[in-house]
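Count along the sequence shown from 1, add 30, and you get the number used in this note's numbering. Structure, as structure tokens:
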Amino acid sequence: ILYENILSSCFSEYAVAWWLYCWQASFRIANGGRCLHTSACCHKVQAGRYRPSPRGDRPLTYEMANPPHYIASRKSWNSWNTTSLEGGLRPADTAIEDIFIRRFMTGTWHSLFVSEVIIKRQHNIIRIAGIVRQAVSARKMYFLIGYCEELLSYWLQCPVKLELQSVAEKEDVVF
Numbered sequence: 031i032l033y034e035n036i037l038s039s040c041f042s043e044y045a046v047a048w049w050l051y052c053w054q055a056s057f058r059i060a061n062g063g064r065c066l067h068t069s070a071c072c073h074k075v076q077a078g079r080y081r082p083s084p085r086g087d088r089p090l091t092y093e094m095a096n097p098p099h100y101i102a103s104r105k106s107w108n109s110w111n112t113t114s115l116e117g118g119l120r121p122a123d124t125a126i127e128d129i130f131i132r133r134f135m136t137g138t139w140h141s142l143f144v145s146e147v148i149i150k151r152q153h154n155i156i157r158i159a160g161i162v163r164q165a166v167s168a169r170k171m172y173f174l175i176g177y178c179e180e181l182l183s184y185w186l187q188c189p190v191k192l193e194l195q196s197v198a199e200k201e202d203v204v205f
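In structure tokens:
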């Protein structure tokens, strides 16, 4: 009761009630009281999983068809680098650069990429891989490859190589 009078003069009644509740709970645990908290088991693992649309108008690619727990056995990572290892340099900068590269590539090759943009870093070279549709002429495709390599090399201050494969239709990469 002494604690209640001291605390109520300094804090609101809600803060006092919360403090008393925590103090009583810690007292019960310290004195051998047993507390058991239970909650319903929820086995909902939805993150990173894609489902085909009910009408079948949005098919899945191979990357999307495999759930996340198949990374490193059936599918690989979309970014290959060593910054996440212990003692790795610039992990935050590398992540920001990867996001920038992906946005730049999808914006430059608007609606032409039919797969994910894969970024591989080896020493000082950044290699960007992916699958594109053959919706533009070969001349325009070569121009876009040179354009992306030059601008990204200038902005990222290291050599950038594009390794693109092309398919005739988007349905050719549907799993």
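The C-beta atom is built at its ideal place from N, Cα and C for all residues, glycine as well.
Cβ shell of residue i (< 7 Å), same chain only, five flanking positions each side left out
i: Ser145; result: Thr91, Glu93, Gly160, Ile161 and Val203
i: Leu192; result: Ile158, Ile175, Cys178 and Glu179
i: Lys200; result: Val144 and Arg163
i: Ala168; result: none
Secondary structure of residue i, DSSP reduced to three states
i: Glu193; result: strand
i: Gly160; result: strand
i: Glu93; result: helix
i: Arg85; result: coil
i: Arg120; result: coil
i: Arg79; result: coil
i: Ser183; result: helix
i: Glu127; result: helix
i: Ala47; result: helix
i: Thr113; result: coil
i: Glu201; result: helix
i: Cys178; result: helix
Near the ligand ZN: residue i beta-carbon under 7 Å from a heavy atom
i: Cys188; result: The ligand content of the structure shown is nil, which means the ligand ZN is not present either.
Residue burial classification, residue i (beta-carbon count within 10 angstroms, cutoff 16)
i: Trp139; result: buried
i: Leu186; result: exposed
i: Ala198; result: exposed
i: Ile131; result: buried
i: Ile156; result: buried
Cβ neighbours of residue i in the same chain (closer than 6 Å, five flanking residues each side left out)
i: Leu182; result: Val190
i: Val147; result: Arg132, Met135 and Gly160
i: Tyr51; result: none
According to DSSP, residues forming a beta bridge with residue i
i: Ile148; result: Ala159
i: Phe143; result: Val162
Own chain partners of residue i with C-beta closer than 8 Å, once the 5 adjacent residues on each side are dropped
i: Arg120; result: Thr113
i: Asn154; result: Cys188 and Pro189
i: Ser196; result: Ile161, Val162, Arg163, Gln164 and Met171
i: Leu142; result: Val162, Arg163, Ala165 and Val166
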